[in-house]
Structures are given as structure tokens and as C-alpha cells.
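First residue of the sequence shown? That's 9 in the working numbering, and the numbers climb one at a time after it.
Positions of the beta carbon are idealized from the N, C-alpha and C atoms, including for glycine.
Please read these numbers as outputs of a predicted model, since none were measured by experiment.
Heads up, the thing below is written out as C-alpha cells.
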Amino acid sequence: MTKQAFVALVTCFNDDETINYQATRAQVRRQVAAGNNIMCAGTNGDFTALTYEEKVRLTEEVVDEVGGRVKVIVNAGMPATFETVKLAREFDRIGVDGIAVITPFFIACTQDGLVRHFSTVADAVKTPVYLYDIPARTQNHIEPDTARALAGHGNIAGIKDSGGAKETLEAYLQIANEVDGFEVYSGPDHLVLWALQNGAAGCISGLGNAMPDVLAGILKAFNAGDIVEAQKQQATFAAFRTDLYALGFAPAMVKRALYLQDASVGASRQPALLPNKAQDEQIAEILERYRLLQRL
Numbered sequence: 009m010t011k012q013a014f015v016a017l018v019t020c021f022n023d024d025e026t027i028n029y030q031a032t033r034a035q036v037r038r039q040v041a042a043g044n045n046i047m048c049a050g051t052n053g054d055f056t057a058l059t060y061e062e063k064v065r066l067t068e069e070v071v072d073e074v075g076g077r078v079k080v081i082v083n084a085g086m087p088a089t090f091e092t093v094k095l096a097r098e099f100d101r102i103g104v105d106g107i108a109v110i111t112p113f114f115i116a117c118t119q120d121g122l123v124r125h126f127s128t129v130a131d132a133v134k135t136p137v138y139l140y141d142i143p144a145r146t147q148n149h150i151e152p153d154t155a156r157a158l159a160g161h162g163n164i165a166g167i168k169d170s171g172g173a174k175e176t177l178e179a180y181l182q183i184a185n186e187v188d189g190f191e192v193y194s195g196p197d198h199l200v201l202w203a204l205q206n207g208a209a210g211c212i213s214g215l216g217n218a219m220p221d222v223l224a225g226i227l228k229a230f231n232a233g234d235i236v237e238a239q240k241q242q243a244t245f246a247a248f249r250t251d252l253y254a255l256g257f258a259p260a261m262v263k264r265a266l267y268l269q270d271a272s273v274g275a276s277r278q279p280a281l282l283p284n285k286a287q288d289e290q291i292a293e294i295l296e297r298y299r300l301l302q303r304l
């Protein structure tokens, strides 16, 4: 099976913090040109700062721009099952390839509660549903036994693991080996190649916003059986991640790095990063080191 890379696409904003849909479309074209699929309204897309109506229109714009050239997954996850189902039905209507559902955040969930939440969403739509585990942000973790139970649902197609622990990823991959049609996508950018080598269907990367060609290069080399080249590309990707993420909150650093490459993407609605000249200079130095400032 050909492995696939998705980029957790940033959402572009105007100076007044309204969504810049044309700039977002330009980022879609950039990723498609590199050979990457798209995930929108995810963590790197500022989904917690988007309104319901914006998520629907954003998805419509992305799907229209993609025009069937690559796959599109969109995140519908919200704390309440009711709103998650409502969003998922809209994305089902629009015609995406997959609906990701991040674990509920702010509230503490039992594992039984998570089974009910994800099953209810999967029951409500025809589009395949992907579990999305990122416990550092939501404080709710999909235990492997819970993932195994949900893998038996006819409309739950896989999981995105953004926990960062190899042990959990290995447990999810074991489920994929046991349950036909259940796919695992790795989120941590330093584990892309490792996950591919251990049976993952692909990756969903935030860092790929700033380094799309290298991300695509890992997948292209791996799919071609050129492990040496895949290792080379992964080493560059991992080193860039280490340097950039050392400066602050990872999604904010990615957005700022992309902003320094192309100011049309705008700032973030999130309060995690305010303009900081000294930090911008550090980010610019990293981009120059990896020859990224002149790519756009």
C-alpha cells in the first residue's frame, strides 16, 4: 500500500483576523504541488479559534481548491458530541475524504464516554471517521483498548496519533495489524519514517506547512524503496523540528515560520505567540539555515 502524507494546513488570516480564504487556497496549491494531502481545521489550523460557520466555509473552500487532486480530511472534534455530529454532517455533505475527530477537550472523559462519543459521530455520517489522539492538548487519551474496541465500528477507519510516545504508537499499529482496514497516521514529525517502517499508513504533519518538499520527499523515497534517501530527508525534517520547536509552542512556531516565508498567511488568532522581534530573528536564522526563506 502506498503511504501518504497529509499536512495539517494552517488557516490564513487578514490583519483584522477574518479568514483570508484566497491565501488559504494558495497554501493548498502549494501543498498539492509538493504532493501532500490536506487536513484542515486541525490544531495547526487554529480550529479552536474558528466559528462553526467558518469551519464549514473553510472546508468548502479547501475541497473546491483541491478539486479531487489529493485527499482532504477535516477535523470536526469539539467538546460536545452534539456539535461534533452537527459539524461532521456538514463535512459529510461537502464531500471530504475523511472526518477526523479530536478527543473532547476541557472536560475529563471516561474511556466508555469516548467510545460513546466517537461511535455516535461515526453512526451519523457516511464519510470514514478517524480518531484523533493528542492528550497533551485535550487531557483525554484514547487508550489502546478503547481504540481496539472502536476499530470494530464499520465507519471508523483509523487514528491519528499525536501523543509522541512510541509505546502508544506501537499499540495502535498492533491494532492495525489485527483489524483489516484500520489505519494509523503518525503526528509527531520526528517519527514519520519510523512510523512508516513499522506499518503506519502515513503521517499528518504540522511542520510540513513550512517544509512541504522535505515531507513529501520522505514519503516519495520510502514508497520507492529508497530508505537511504528517506533517512536523509527525515534527518533534515527532524533537525528543523528540533531547532524550531525549541523556541516555543509548536503550532505557533510553524505559523510564524510560514509567516516569515509568506506574510499573506497572517498571524494567528491564538494568544500563544505575540510578535517578537528577537524571536522572529531566531526563526529567520533557522529558515535561512535550511534554505527556506526563498522557497515561496
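task = Measure the C-alpha to C-alpha separation of Thr250 and Glu293 and round it to an integer number of angstroms.
result = Distance between the alpha carbons of Thr250 and Glu293 is about 14 Å.
request  = Excluding the 5 residues preceding and the 5 following Asp288 in the sequence, name in chain order all residues of the same chain whose CB lies nearer than 8 Å to its CB.
outcome  = Excluding sequence positions up to five before and after Asp288, its CB lies within less than 8 Å of the CB of Arg264 and Leu268, all in the same chain and listed in chain order.
inquiry  = Can you give me the C-alpha to C-alpha distance between Ala224 and Gly214, rounded to a whole angstrom?
reply    = Each residue's Cα considered, the two are about 13 Å apart.
query = Pick from Val200, Tyr253 and Cys211: whose alpha carbon is nearest that of Lys240?
reply = Ranking Val200, Tyr253 and Cys211 by Cα distance to Lys240 puts Val200 first.
key: Limits of the beta strand (DSSP E) - the one that Lys3 falls within   = This structure does not reach residue 3, given that the chain is present from 9 up to 304, and the question cannot be answered.
message = So, for Gly53: in the same chain, excluding its five sequence neighbours on each side, which residues have a beta-carbon less than 7 Å away from its beta-carbon?
response = Once the five neighbours on either side are set aside, the close Cβ partners of Gly53 are Ala16, Leu17, Val18 and Thr19.
message = With DSSP as the reference, identify every bridge partner of Phe21, one or two as the case may be.
response = DSSP, once it has assigned bridges, lists Ile27 as partnering Phe21.
message = Check for me: the alpha helix (DSSP H) holding Gln119 runs from which residue to which?
response = First-last of the alpha helix (DSSP H) with Gln119: Gln119 to Ala132.
task = Evaluate Asp23 with the Cβ neighbour count: other Cβ atoms within 10 Å of its Cβ, from every protein chain shown; 16 or more gives buried, anything less gives exposed.
result = Exposed.
query = Which ranges would you report for the alpha helix (DSSP H) in the segment 204 to 254 if only whole runs of at least 4 residues count?
reply = Runs of the alpha helix (DSSP H) lying entirely within the segment 204 to 254, each at least 4 residues long, are 220 to 231 and 235 to 253 in chain order.
request  = Could you name the residues of the same chain whose beta carbon sits closer than 7 Å to that of Ser194, not counting the 5 residues immediately before and after it, in chain order?
outcome  = Answer for Ser194: Asp169, Leu177, Val200, Ala203, Ala208 and Cys211, listed in chain order.
ask   = So, helix, strand or coil for Leu304, using DSSP?
value = Residue placement at Leu304 is flagged as unreliable, the pLDDT there being 43, under the threshold of 50; a coordinate-derived value is accordingly withheld.
inquiry  = Please report the straight-line C-alpha distance between Ala179 and Arg299, rounded to a whole angstrom.
reply    = The straight-line gap separating the alpha-carbon atoms of Ala179 and Arg299 is approximately 37 Å.
query = Does DSSP put Val54 in a helix, in a strand, or in coil?
reply = Reading off the sequence shown, one finds Asp at residue 54, where the question assumed Val. Asp54: coil per DSSP, three-state reduction.
inquiry  = Do Val133 and Asp100 have their beta-carbon atoms positioned less than 8 Å apart in this structure?
reply    = In this structure, the beta-carbon distance from Asp100 to Val133 falls below 8 Å.
key: Inter-residue spacing [alpha-carbon to alpha-carbon] between Pro196 and Arg37   = Straight-line measurement puts the Cα of Arg37 at about 24 Å from the Cα of Pro196.
ask   = Is the beta carbon of Asn45 sitting closer than 8 Å to the one on Val70?
value = Contact flag unset, no.
request  = Please list, in chain order, all residues of the same chain as Leu255 whose beta carbon is under 7 Å from its beta carbon, the five residues on each side excluded.
outcome  = If we look at Leu255 and ignore the five residues flanking it on each side, its Cβ neighbours are Met261, Gln287, Gln290 and Ile291.
query = What does a CB cutoff of less than 7 Å around His161 pick up in its chain, not counting 5 residues either side in sequence?
reply = Taken in chain order, the residues that qualify are Ser127 and Ala130.
task = Compute the Euclidean distance between the alpha carbons of Thr26 and Met86, then round it to the nearest angstrom.
result = Here the alpha carbons of Met86 and Thr26 stand approximately 21 Å from one another.
message = Taking 7 Å as the cut-off, is the C-beta of Phe114 nearer than that to any heavy atom in the ligand ATP?
response = Among the components modelled here there is no ligand, and therefore nothing to report on the ligand ATP.
ask   = Any contact of the segment 137 to 147 with the segment 100 to 115, i.e. 3+ C-beta pairs under 8 Å?
value = The segment 137 to 147, when compared against the segment 100 to 115, does touch it at the 8 Å Cβ threshold.
inquiry  = Taking a contact to mean a Cβ-Cβ separation below 8 Å, would you say Asn83 touches Leu122 in this structure?
reply    = Contact flag unset, no.
query = So, is Thr10 buried or exposed, given that buried needs 16 or more other C-beta atoms within 10 angstroms?
reply = It counts as exposed.
request  = Starting from the Cα of Glu296, find the closest Cα among Ala157, Leu252 and Ala243 and give me that residue.
outcome  = Of the candidates Ala157, Leu252 and Ala243, Leu252 places its Cα closest to the Cα of Glu296.
request  = Measure the Cβ-Cβ separation of Ala34 and Gly274 and say whether it is below 8 Å.
outcome  = Contact flag unset, no.
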